[in-house]
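Take a look at the structure set out below.
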Amino acid sequence: MEDILIKNLEEERFKSIVERRYEDFAKLAHPEMTYTHTSGVTDTKESYLDKLFGGFYDYKWIEHPISRIQIIGEVALVFGEMHSELVAGNIQKILKNKSLAIWRKENNAWLFYAYQPTPLP
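Count along the sequence shown from 1, add 249, and you get the number used in our numbering.
Written out as structure tokens, the structure is:
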């Protein structure tokens with residue numbers, strides 16, 4: 250049951266970014282969120298939101314097939330992929346990544362805690 254909730258939260262996370270509903274993304278994100286990009290650049294919740302609101306990232310579409318969700322206590326690991334077309338700092342990019350997303354449960358609510366993509370060959 251929790252895995253279905255996590256899957257839905259992942260869908261909402263990506264959808265909120267594509268639809269530019271950054272306030273909704275912010276509500277899903279843990280205050281200590283760490284977002285690592287394919288380039289190796291790492292953002293905090295604050296710095297990632299600054300980039301989103303400032304227009305640095307403009308996601309055209311995102312596909313995110315999930316291969317497995319593993320829940321260990323208060324942590325959920327989401328193994329899958331992330332394929333996307335976006336503009337990052339005025340540079341057009343097409344991403345094809347394996348990915349690991351981490352959600353953390355606090356006060357009975359799951360919050361997006363960390364993200365790590367790895368480019369596919």
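No residue lacks a Cβ here, since even glycine has one placed at the ideal position from N, Cα and C.
In this text the structure is predicted, and so the values were computed from the model without any measurement.
- Out of Thr-287, Asp-273, Val-327, Leu-335, the CA that lies nearest to the CA of Ser-316 is found in Val-327.
- Excluding the 5 residues flanking it on each side, Gln-319 has same chain C-beta neighbours closer than 6 Å at Leu-326, in chain order.
- In this structure the region 260–275 lies against the region 289–300, because at least three pairs of beta carbons, one per stretch, are closer than 8 Å.
- In this structure Trp-310 is exposed. Its beta-carbon is surrounded by fewer than 16 other beta-carbon atoms within 10 angstroms.
- In this structure, DSSP gives Arg-270 a state outside helix and strand, which the three-state scheme calls coil.
- With contacts defined by Cβ atoms closer than 9 Å, Pro-368 and Asn-346 form a contacting pair.
- By the Cβ-count criterion, Ser-288 is exposed, with fewer than 16 other Cβ atoms from all chains shown falling within 10 Å of its own Cβ.
- Here DSSP, grouped into helix, strand and coil, assigns Ser-288 to coil.
- Look at Asn-257 here: in three-state DSSP terms it is helix.
- Beta-bridge pairing by DSSP links His-332 to Glu-312, Lys-345.
- By the Cβ neighbour-count rule, Pro-366 is buried, with 16 or more other Cβ atoms within 10 Å of its own.
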